[in-house]
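Asker:
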Amino acid sequence: MTEEFEGDKRAERTGLALRNAFFELVLLQPYSKIKIADIIAKADVGRSTFYEHYKNKDDLLYASLRWPMTVLASAMLPPNKVLDVQGILEHFWQNRSFARPILTGTTRKHVSRCLSQILVEQLQNMSSPSLNRYVPVSAVAQALAATQLSLLSNWLTGVYSTTPDKLAQQLMLTSRAIAVPSV
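Residues are numbered in the working numbering as their position in the sequence shown, beginning at 1, plus a constant of 32.
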């Protein structure tokens with residue numbers, strides 16, 4: 033095994049330890065109360081090691097959310113993504129004890145910002161000169177993130193009951209209606 037490969041594996045293990053420690057802390061206390069000192073103590077790593085991986089606590093949250101939020105953002109893309117969206121909804125449902133505190137309360141604004149950033153990237157990639165936008169892409173992304181997160185958090189907190197496949201369909205219909213101008 034090469035030294036570089038061993039270093040990569042070690043970095044992956046450390047990143048996983050930091051994310052797992054962070055997830056455990058989010059379940060125990062509000063996001064605003066979590067300190068980097070708490071994360072590194074739980075992960076059993078040094079402060080400098082934390083900063084080798086992440087700039088701050090928000091960066092750790094965004095890195096943790098990047099994959100699921102990218103899949104959720106894909107709800108505005110063509111219908112062939114429905115199984116991906118349904119899969120991420122099933123993942124959220126299976127992990128709802130963790131997802132609920134992340135999607136509600138003080139953490140929600142960070143989740144919304146993360147999702148909005150991803151949506152801006154996707155909207156810019158799908159934009160063409162023929163798409164006439166009456167509001168900035170960032171405003172469309174913020175509205176879309178708020179809508180997607182409302183549907184998701186209301187479902188996870190029991191405000192309404194539906195199946196992941198039906199919610200995926202609704203997310204896709206709603207997202208496309210907001211993201212793709214019809215005129």
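Heads up, the beta-carbon is just placed ideally off N, CA and C, and yes, glycines get one too. As the structure is a prediction and not an experimental result, all values here were calculated from the model.
If we call anything under 8 Å between Cβ atoms a contact, is R140 one with L181?
Answerer: Here residue 140 refers to the residue found at position 108 of the sequence shown. Here residue 181 refers to the residue found at position 149 of the sequence shown. Yes, these two residues count as a Cβ contact at 8 Å.
Asker: Please state whether the Cβ-Cβ distance between L50 and L92 is less than 8 Å.
Answerer: Within the sequence shown, the letter at position 18 stands for residue 50. Within the sequence shown, the letter at position 60 stands for residue 92. Cβ distance < 8 Å, so L50 and L92 count as in contact.
Asker: Please state the DSSP three-state secondary structure of T138.
Answerer: Position 106 of the sequence shown, counted from the start, is the residue given in the question as residue 138. Note: T138 maps to helix in three-state DSSP.
Asker: Just tell me which of K198, A95, L205, H123 has its CA closest to the CA of R145.
Answerer: Start at 1 with the first residue of the sequence shown, and residue 145 comes out as number 113. Nearest C-alpha to R145: A95.
Asker: Does A69 pass the burial test, meaning 16 or more other C-beta atoms within 10 Å, or should it be called exposed?
Answerer: Numbered from 1 along the sequence shown, position 37 holds the residue referred to as residue 69. Flag for A69 reads exposed.
Asker: Rounded C-beta distance between W187 and L199? I'm assuming under 8 Å.
Answerer: Residue numbering aside, residue 187 sits at position 155 when the sequence shown is read from its first letter. Residue numbering aside, residue 199 sits at position 167 when the sequence shown is read from its first letter. Confirmed, Cβ separation roughly 6 Å.
Asker: For a test of the three-state rule: what should DSSP assign to S207, helix, strand or coil?
Answerer: What you label residue 207 is simply residue 175 of the sequence shown in a count that begins at 1. Here S207 sits in helix by DSSP.
Asker: Using the Cα positions of R42 and L48, report the straight-line distance between them to the nearest angstrom.
Answerer: Numbered from 1 along the sequence shown, position 10 holds the residue referred to as residue 42. Numbered from 1 along the sequence shown, position 16 holds the residue referred to as residue 48. Distance between the alpha carbons of R42 and L48: 10 Å.
Asker: Tell me whether P168 sits in a helix, a strand or coil according to DSSP, three-state version.
Answerer: Against the sequence shown, residue 168 aligns to sequence position 136. Reduced to three states, the DSSP call for P168 is coil.
Asker: Find the nearest neighbour of N157 within the set L60, M108, D76, judged by alpha-carbon distance.
Answerer: Working through the sequence shown from its first residue, we reach residue 157 at position 125. N157 has its Cα closest to that of M108, out of L60, M108, D76.
Asker: Taking the alpha-carbon positions, what's the R79 to L97 distance?
Answerer: The count along the sequence shown starts at 1 and reaches residue 79 at position 47. The count along the sequence shown starts at 1 and reaches residue 97 at position 65. Between R79 and L97, the C-alpha separation is close to 22 Å.
Asker: Within 10 angstroms of the Cβ of L203, are there 16 or more other Cβ atoms? Answer buried if so, exposed if not.
Answerer: One-based indexing of the sequence shown puts residue 203 at position 171. Buried.
Asker: Write down the C-beta distance between L151 and L115 rounded to the nearest angstrom, noting that I regard them as a contact closer than 8 Å.
Answerer: Locating residue 151 in the sequence shown gives position 119, where the first residue counts as 1. Locating residue 115 in the sequence shown gives position 83, where the first residue counts as 1. So it is not a contact: roughly 20 Å between Cβ atoms.
Asker: Go ahead and label S106 buried or exposed: buried means 16 or more other beta carbons lie within 10 angstroms of its beta carbon, across all protein chains shown.
Answerer: The residue given as residue 106 occupies position 74 in the sequence shown. That one is buried.
Asker: For I72, which of P62, H123, L57 has the nearest alpha-carbon?
Answerer: Walking along the sequence shown from the start, residue 72 turns up at place 40. Among P62, H123, L57, the Cα nearest to that of I72 is on L57.
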